[in-house]
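In terms of this note's numbering, the sequence shown is numbered consecutively and its last residue is 320.
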Amino acid sequence: MAARSLTSLSISCPPHLSPSRQILLPGACLLKRRATGLVTAMASTITKVVPAVIVGGGRVGRALQDMGSGGDVLVKRGDPVPEDFEGPILVCTRNDDLESVLEATPRSRWSDLVFFQNGMLDPWFESKGLGGADQVLAYFAVSKLGEPPTDGKTDTNPEGLTAAYGKWASAVAGRLLAGGLSCKVLDKEVFKKQMLEKLIWICAFMLVGARHPGATVGAVEREYRSEVSILIAELASAAAAENDLVFEDAMEDRLCAYSRAVAHFPTAVKELKWRNGWFYSLSEKAIALGKPDPCPIHTAWLKELNIV
């Protein structure tokens, strides 16, 4: 469905491009290598964005609606999700509201849910039978209701960091491109690594910032780099071991680059269950089995701040 909403063009791939690489060219054209040796250019000229149900009328939900073609249905938190509306259901609520969103969604539509939340959602997905649910890593910010979003491009990732996974990923990418934002469509393995990287960023920078009252994300990156570096390494090691994966090199550089791009963001440890709480659960599990804490510094700093 999503493919029909984009103006597409096939062109030969220049010989100097890596076969596995994705890039954004000027004009926001996303080039993705095909197995045939061609690339498909999805032009930024969008004929029609795939209509969606948007759950949540906050800053992100309203921004996504503004990117649409007028056929979206905005559902406020707690209101029922229509059963007969074809298309993705973009969930833009707080994590703690996900239970009520699911209850308000007909079970026949659960496979159309697309989650925009930060944090570790996998345990909740599994508990609800939603393994493999569509997700979006939103590296864009909407400072005020009604204002256009700012893309989270960095000096290490100038092509943009926002990514989508799942059956509606292309439709989401088309909507974001129509709104002037970047978005990569990733397979599950690559997406999971990037999801964990963002989780590590939130947990590390927010916790270090909380140890230094008033510190912004930028201040953590500039003034407390040694603390956040140690924590990034510790959390990355624990996440890699738990998920049996290997992260790409230079994670610290990428996360610090993103921090420079959003340097004004305040810091605070929030939504413990969905963020730092996941790493703390790894610590509790290991200790219960008589094993060393995989995140001893993280645990110590949470206790120092009386968070656990």
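Glycine is no exception: its CB is placed at the ideal position from the N, C-alpha and C atoms.
field: Assigned secondary structure, D265 (DSSP; H/G/I helix, E/B strand, else coil)
entry: Reduced to three states, the DSSP call for D265 is helix.
message: Which complete alpha helix (DSSP H) runs does the region 59-90 hold, if anything under 4 residues is left out?
response: 71-78
- request: Take A269 as the anchor and find which of V197, Y151 and A298 has the nearest alpha-carbon.
  value: Selection V197, Y151 and A298 evaluated against A269 yields Y151 as nearest (Cα-Cα).
task: Report the three-state DSSP secondary structure of F128 (helix, strand or coil).
output: coil
query: When we look at the beta-carbon of S120 and count the other beta-carbons within 10 Å, is it buried (16 or more) or exposed?
result: exposed
Burial state of N318 (16 or more Cβ within 10 Å): exposed
query: How long is the line joining the alpha carbons of I66 and K179, rounded to whole angstroms?
result: 17 Å
message: DSSP three-state label for Y177, please.
response: It is a strand residue.
- request: Return the chain-ordered list of same chain residues with a C-beta closer than 6 Å to the C-beta of P306, the five sequence neighbours on each side being excluded.
  value: A250, L294 and A298
field: V93 in three-state terms, based on DSSP
entry: coil
Identified DSSP bridge partners for P161: DSSP lists no partner for P161.
- prompt: What residue ranges within the region 272-320 form continuous alpha helix (DSSP H) runs of no fewer than 4 residues, ordered along the chain?
  reply: Segments of the alpha helix (DSSP H) lying fully in the region 272-320: 288-300 and 308-316.
task: Would you give the residue range spanned by the beta strand (DSSP E) that L149 belongs to?
output: From DSSP, the beta strand (DSSP E) with L149 extends over D146 to L149.
- request: Reducing DSSP to helix, strand and coil, say where R45 ends up.
  value: In this prediction, R45 has a pLDDT of 35, which is less than 50 and means its spatial position is unreliable; what the coordinates show is noted afterwards. Note: R45 maps to strand in three-state DSSP.
query: When DSSP labels each residue in this structure, what does L102 get in the three-state scheme?
result: strand
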